[in-house]
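Protein sequences, first through last, are from chains A and X.
FYI, the numbering for the first sequence is 295 to 702, going by the numbering used here.
FYI, the numbering for the second sequence is 295 to 702, going by the numbering used here.
Positions of the beta carbon are idealized from the N, C-alpha and C atoms, including for glycine.
Since the structure is predicted, the reported quantities are computational estimates derived from the model, not experimental observations.
In what follows, a structure is listed as structure tokens, so that the remarks can point back to it.
There are 2 protein chains.
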Amino acid sequence: MVHINEHFLKLSENYLFADIAKKVSEYAVAHPEADIIRLGIGDVTRPISKPVIQALHAAVDEMGNAATFQGYGPYEGYNFLRNKIVAHDFKARGIKMEADEIFVSDGAKSDVGNITDILGGQNRVAVSDPVYPAYIDTNVMSGCTGEFIDGQWSDIVYLPCTAENKFTPALPSIRPDVIYLCSPNNPTGTALNKTEIKKWVDYALTNNSLILFDAAYEAYIHEDDVPHSIFEIEGAKRVAIEFRSFSKTAGFTGLRCGYAIIPKELTVKTSNGQTASLNQLWIRRQATKFNGTAYIIQKAAEAVFSDEGQRETQATINYYMENARTIRKGLLQAGYKVFGGVNAPYIWLEVPEKGSSWDFFDKLLNGCQVVGTPGVGFGPHGEGYFRLTAFGDQQRTIEAIERIKKFA
Amino acid sequence: MVHINEHFLKLSENYLFADIAKKVSEYAVAHPEADIIRLGIGDVTRPISKPVIQALHAAVDEMGNAATFQGYGPYEGYNFLRNKIVAHDFKARGIKMEADEIFVSDGAKSDVGNITDILGGQNRVAVSDPVYPAYIDTNVMSGCTGEFIDGQWSDIVYLPCTAENKFTPALPSIRPDVIYLCSPNNPTGTALNKTEIKKWVDYALTNNSLILFDAAYEAYIHEDDVPHSIFEIEGAKRVAIEFRSFSKTAGFTGLRCGYAIIPKELTVKTSNGQTASLNQLWIRRQATKFNGTAYIIQKAAEAVFSDEGQRETQATINYYMENARTIRKGLLQAGYKVFGGVNAPYIWLEVPEKGSSWDFFDKLLNGCQVVGTPGVGFGPHGEGYFRLTAFGDQQRTIEAIERIKKFA
Chain A
295 MVHINEHFLK LSENYLFADI AKKVSEYAVA HPEADIIRLG IGDVTRPISK
345 PVIQALHAAV DEMGNAATFQ GYGPYEGYNF LRNKIVAHDF KARGIKMEAD
395 EIFVSDGAKS DVGNITDILG GQNRVAVSDP VYPAYIDTNV MSGCTGEFID
445 GQWSDIVYLP CTAENKFTPA LPSIRPDVIY LCSPNNPTGT ALNKTEIKKW
495 VDYALTNNSL ILFDAAYEAY IHEDDVPHSI FEIEGAKRVA IEFRSFSKTA
545 GFTGLRCGYA IIPKELTVKT SNGQTASLNQ LWIRRQATKF NGTAYIIQKA
595 AEAVFSDEGQ RETQATINYY MENARTIRKG LLQAGYKVFG GVNAPYIWLE
645 VPEKGSSWDF FDKLLNGCQV VGTPGVGFGP HGEGYFRLTA FGDQQRTIEA
695 IERIKKFA
Chain X
295 MVHINEHFLK LSENYLFADI AKKVSEYAVA HPEADIIRLG IGDVTRPISK
345 PVIQALHAAV DEMGNAATFQ GYGPYEGYNF LRNKIVAHDF KARGIKMEAD
395 EIFVSDGAKS DVGNITDILG GQNRVAVSDP VYPAYIDTNV MSGCTGEFID
445 GQWSDIVYLP CTAENKFTPA LPSIRPDVIY LCSPNNPTGT ALNKTEIKKW
495 VDYALTNNSL ILFDAAYEAY IHEDDVPHSI FEIEGAKRVA IEFRSFSKTA
545 GFTGLRCGYA IIPKELTVKT SNGQTASLNQ LWIRRQATKF NGTAYIIQKA
595 AEAVFSDEGQ RETQATINYY MENARTIRKG LLQAGYKVFG GVNAPYIWLE
645 VPEKGSSWDF FDKLLNGCQV VGTPGVGFGP HGEGYFRLTA FGDQQRTIEA
695 IERIKKFA
């Protein structure tokens, strides 16, 4: 008999965004004239900027010429890109980081998922809740979550993030081995300030926990006291891995490039008391199960860090954040309680009377043909909330909010 | 305490090609005037063909335009590419396969590694030996191999492939759950004919085993009785997964695109007697830990299947296979026993008197400044053999063989 990883069987058949797509598609079939506006999935819509397109064309031409052709690249990414990441993301913020602590990949989603390869199935895992579903689902696959009972995983330590605690999770009463934090947060659109992140770093240092810090939205931070990297906090290099991505920063959702930062100082004790470096384990994982990200994509990513690339990137982020302001303002005018949207491209609204988020989804789709994401899809403490994204077209976003205002 | 996957600690620190690179680099430093010819690593050297380059430029322009910009794509690949794969690789060979049995990825290496996610750590694994090291190493990581004792993993069923059995592995005496086969083979350069592959499919059908069939080199097949796909064999859809790649076919080692074929007929029994579909498990894996391959890369792959793409691909393969003939002929003239190089871009030679393959590596590097790969690096039954690749420049390959002939 062939054995399978039976932890997979614990996962529900469907996936949040597949459920949404199905409902929207059914509505569209029943109402062929409906003008549906989608503010649901967190995908970017603005085109790739000119300097990045130019870099792509130049790299493509290199691939077509025997003298400049590139075959297998380094598993961990080209140094031309790793060095730019070090300079821009870390050195410029006063953080010491070396190129061999940066691992370029085909996206933060791959890294967040594959990191469970080196962590195995024995850890007690904490997640801020609501949460990007992949944190939980990948741990279901590796066997860290226990059973799904009454909407919660029995072995997961949930860290509730609600309006009541201003979306800043409290330290847990049960000590977790691994803690997932995402700031700025998907889905709540809120961000942790320096004091809050320091609270978690200190906790991890004291309790020998590992923090997996998802910084995919750091480029959207506008407030000064919100760290762009967990490594702005003293001691974080001994307890944290950070995940970053060009997806939301520079519109790479369809180009696929992310990176993980695993400091060389980050070690764990093995069961026989030896010291193991997570940086070294990750090199071994990537060298064995990955063959690097396409050269032309890494050249594109490099161009994001050019002066023109930075200007264009900022202009696109400003475009989306103008949408965020439109959504926030309109929803507030319509009488909703609204969170996020200041340091992140997500707006998190409280469903009136904290009602069912799927009911609100149906109401919005049927009543004003606007698609959002029900909060409960992101975890139990997302119930009673609803996510709208700022990644749409500006005119369409204005139109969506006008509809909601009239509808409310 | 943070737990890690301690199976990783069983892996040796170094990696075959890293060891080779170190030796070559030390030699180069000691002999700065040496003109070293590298026929070691199996990386392609010819540029990407014109129709593929054109498709890349066109797709890059699409990404720079709001009207044609592509964000997140389907986890399993775009249908424009999956349909081409079905038509070219399967329908054209009389094999019925559907687009939803094709999963496009960033390379066969990723697929071969990540497949262990859905198979878990309970299987008895057989590998033809010598073997592409990733088959074993990924199973070390998932805990299927036992301990490394005297150059062999205690729980692995080795299927020796040597000159004595014409590199056609015999059926094992201990039944394996999972069987890795690679044809045409890396490293031996030999291929299994239809009778041999049928032998394995029948064995798997009778014994409820799963075959993981690596067809990365199928485009190099020149003999009629060598199957290009395991699915040419009756019943294979119920017992096999196939891995394919554009890397060696169309020079995509630096562009990164492969695909796994997981038939819908392929099911396994779970421990409580339910039936699980590996196709469905893989969708869940990819949807959770992967976000699709870059749109522009998939457009490039699509262009490989155009008429011009096919002509250019064939021309490049002919170029490499001319090298293979050069190497074969020269080595035979020099008195070596030589295998492979007819249906694959690898030549596998017997070290004189079946001596140490690392000694032969040193001898060749020191004596004629030619770099190859010691057979033992591919497993215990690779000892006494040595691999040369046909992926080099034609003039340099001729020069390398002239040197070896003089040296012998």
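Checklist line | Enclosing alpha helix (DSSP H) for residue 662 of chain X [first to last residue] | finding: For the purposes of this step, residue 662 of chain X is taken as residue 368 along the second sequence, with counting starting at 1. Here the alpha helix (DSSP H) through residue 662 of chain X covers 651-662.
Next item on the list: Taking C-beta pairs closer than 8 Å, name the residues in chain X that residue 366 of chain A reaches, listed in chain order.
Entry: Taking the first residue of the first sequence as 1, we reach residue 366 of chain A at position 72. Simply 335, 337, 547 and 548.
Margin query: Residues of chain A with CB closer than 8 Å to the CB of residue 439 of chain X, please, in chain order.
Written below: As a working mapping, residue 439 of chain X is identified with position 145 in the second sequence. In chain order: nothing, as chain A lies at least about 13 Å away.
Notebook entry, point to check: Which residues in the same chain as residue 403 of chain A place their Cβ atom closer than 7 Å to its Cβ, once the five residues preceding and following it in sequence are excluded?
Noted result: As a working note, residue 403 of chain A is residue 109 in the first sequence. 428, listed in sequence order.
Note to self: Comparing C-alpha positions only, which one of X:321, X:611, X:628 and X:701 sits nearest to residue 515 of chain X?
What the structure shows: Within the second sequence, the letter at position 221 stands for residue 515 of chain X. Closest option to residue 515 of chain X, Cα to Cα, is X:611.
Note to self: Counting only Cβ-Cβ distances shorter than 7 Å, please list the residues of the stretch 404-416 of chain X near chain A, keeping chain order.
What the structure shows: 404, 407, 408, 411, 412, 413, 414 and 416
Margin query: Measuring CB atoms only, is the stretch 467-478 of chain A touching the stretch 488-502 of chain A, in the sense that at least three cross pairs come out at less than 8 Å?
Written below: yes
Next item on the list: From the DSSP output, in three-state form, read off residue 558 of chain A for me.
Entry: Against the first sequence, residue 558 of chain A aligns to sequence position 264. Coil.
Check: Would you call the stretch 318-325 of chain X and the stretch 315-326 of chain A in contact, with 3 or more CB pairs under 8 Å?
Finding: no
Margin query: Can you check which of these residues, X:579, X:559 and X:509, is closest to residue 392 of chain X by C-alpha distance?
Written below: Here residue 392 of chain X is taken as the residue at index 98 of the second sequence, counted from 1. Residue 392 of chain X has its Cα closest to that of X:559, out of X:579, X:559 and X:509.
Notebook entry, point to check: What number of angstroms, rounded off, separates the C-alpha of residue 674 of chain X from the C-alpha of residue 342 of chain X?
Noted result: Here residue 674 of chain X refers to the residue found at position 380 when the second sequence is read from its first residue. Here residue 342 of chain X refers to the residue found at position 48 when the second sequence is read from its first residue. Approximately 36 Å, taken between the alpha carbons.
Notebook entry, point to check: Bridge partners of residue 569 of chain X, per DSSP?
Noted result: Counting from 1 along the second sequence, the entry for residue 569 of chain X is found at position 275. BP columns for residue 569 of chain X point to X:563.
Notebook entry, point to check: Can you tell me the Cα-Cα spacing of residue 415 of chain A and residue 433 of chain A, whole angstroms?
Noted result: Locating residue 415 of chain A in the first sequence gives position 121, counting from the first residue. Locating residue 433 of chain A in the first sequence gives position 139, counting from the first residue. Straight-line Cα distance between these residues: approximately 8 Å.
Check: Can you give, in chain order, each stretch of the beta strand (DSSP E) that sits fully within the stretch 457-540 of chain A and has at least 3 residues?
Finding: 472-476, 504-508 and 534-539
Next item on the list: Mind listing the chain X neighbours of residue 344 of chain A? Cutoff is C-beta to C-beta under 9 Å, in chain order.
Entry: Sequence index remark: in the first sequence, residue 344 of chain A carries index 50 (1-based). Going along chain X in sequence order, the residues near residue 344 of chain A (Cβ under 9 Å) are 358.
Check: Cβ of residue 705 of chain A within 8 Å of Cβ of residue 346 of chain A?
Finding: Residue 705 of chain A lies beyond the range of chain A shown here (295 to 702); nothing can be said about it.
Item checked: Whole-angstrom distance between residue 613 of chain X and residue 339 of chain X, CA atom to CA atom -> Position 45 of the second sequence, counted from the first residue, corresponds to residue 339 of chain X. Position 319 of the second sequence, counted from the first residue, corresponds to residue 613 of chain X. The alpha-carbon atoms of residue 339 of chain X and residue 613 of chain X are separated by roughly 11 Å.
Item checked: Beta bridge counterpart(s) of residue 399 of chain A as assigned by DSSP -> Counted from its first residue, the first sequence places residue 399 of chain A at position 105. A:552, per the DSSP bridge assignment.
Checklist line | Sequence-distant residues of the same chain with beta carbon closer than 6 Å to residue 691 of chain A, five excluded per side | finding: Sequence index remark: in the first sequence, residue 691 of chain A carries index 397 (1-based). These residues qualify, in order along the chain: 617 and 620.
Check: Contact check, residue 406 of chain X vs residue 370 of chain X under 8 Å by CB: the rounded distance?
Finding: Within the second sequence, the letter at position 112 stands for residue 406 of chain X. Within the second sequence, the letter at position 76 stands for residue 370 of chain X. With a Cβ gap of about 17 Å, residue 406 of chain X and residue 370 of chain X do not count as contacting.
Margin query: Short of 8 Å Cβ to Cβ, which residues in the stretch 323-334 of chain X face chain A?
Written below: none
Margin query: By the DSSP assignment, the beta strand (DSSP E) with residue 452 of chain A in it spans what residues?
Written below: Numbered from 1 along the first sequence, position 158 holds the residue referred to as residue 452 of chain A. It spans 451-454 - the beta strand (DSSP E) in which residue 452 of chain A sits, taken as one unbroken run.
Checklist line | Neighbour-count burial assignment, residue 658 of chain A, 16 or more Cβ in a 10 Å radius | finding: As a first step, residue 658 of chain A is located in the first sequence; it is residue number 364 there, counting from the start. With 16 or more other Cβ atoms within 10 Å, it is buried.
Item checked: Secondary structure of residue 331 of chain X, DSSP reduced to three states -> Along the second sequence, read from residue 1 onward, the residue named residue 331 of chain X stands at position 37. Here residue 331 of chain X sits in strand by DSSP.
Note to self: Against chain A, with Cβ distances strictly below 8 Å, would residue 681 of chain X count as a contact?
What the structure shows: Locating residue 681 of chain X in the second sequence gives position 387, counting from the first residue. So, not an interface residue.
Check: So does residue 339 of chain A have its beta carbon nearer than 7 Å to some heavy atom of the ligand HEM?
Finding: Summarising the ligand content, the structure contains no ligands, and the ligand HEM is consequently not present.
Notebook entry, point to check: Just to confirm, are residue 524 of chain A and residue 495 of chain A a CB contact at a threshold of 8 Å?
Noted result: Locating residue 524 of chain A in the first sequence gives position 230, counting from the first residue. Locating residue 495 of chain A in the first sequence gives position 201, counting from the first residue. The answer is yes: Cβ separation under 8 Å.
Next item on the list: Go through its chain and collect everything with a Cβ distance to residue 321 of chain X's Cβ below 6 Å, but skip five positions before and after it.
Entry: Position 27 of the second sequence, counted from the first residue, corresponds to residue 321 of chain X. Cβ neighbours of residue 321 of chain X beyond the five flanking positions: 659.
Notebook entry, point to check: Looking at C-alpha atoms only, which residue of A:689, A:590, A:645 and A:686 is the closest neighbour of residue 351 of chain X?
Noted result: Locating residue 351 of chain X in the second sequence gives position 57, counting from the first residue. The option with the nearest alpha carbon to residue 351 of chain X is A:590.
Next item on the list: Anything in chain X within Cβ reach of residue 298 of chain A, meaning under 8 Å, just list it in chain order.
Entry: Reading the first sequence from its first residue, position 4 is the one you call residue 298 of chain A. Within chain X, the residues near residue 298 of chain A are 412, 413, 414, 562, 564, 570, 572 and 575.
Checklist line | Length of the line joining the Cα atoms of residue 442 of chain X and residue 640 of chain X | finding: Your numbering for residue 442 of chain X matches position 148 in the second sequence. Your numbering for residue 640 of chain X matches position 346 in the second sequence. Rounded to whole angstroms, residue 442 of chain X to residue 640 of chain X spans 28 Å at the Cα level.
Item checked: Partners in chain A for residue 351 of chain X, counting only beta-carbon separations shorter than 9 Å -> Counting from 1 along the second sequence, the entry for residue 351 of chain X is found at position 57. Within 9 Å Cβ-Cβ: 350, 351, 354 and 355.
Check: From residue 650 of chain A to residue 557 of chain X, what distance separates their C-alpha atoms?
Finding: Locating residue 650 of chain A in the first sequence gives position 356, where the first residue counts as 1. Locating residue 557 of chain X in the second sequence gives position 263, where the first residue counts as 1. Approximately 40 Å between the Cα atoms of the pair.
Check: Hey, does residue 429 of chain X have any beta-carbon neighbour from chain A nearer than 8 Å?
Finding: Along the second sequence, one-based indexing puts residue 429 of chain X at 135. False, the Cβ-Cβ gap to chain A never drops below 8 Å.
Checklist line | 7 Å Cβ shell around residue 632 of chain X - same chain, five flanking residues per side excluded | finding: Position 338 of the second sequence, counting from 1, holds the residue named residue 632 of chain X. Closer than 7 Å at Cβ, skipping near neighbours: 622, 625, 626, 641 and 643.
Next item on the list: Would you check if there are 3 or more beta carbon pairs closer than 8 Å linking the stretch 564-583 of chain A to the stretch 591-609 of chain A?
Entry: no
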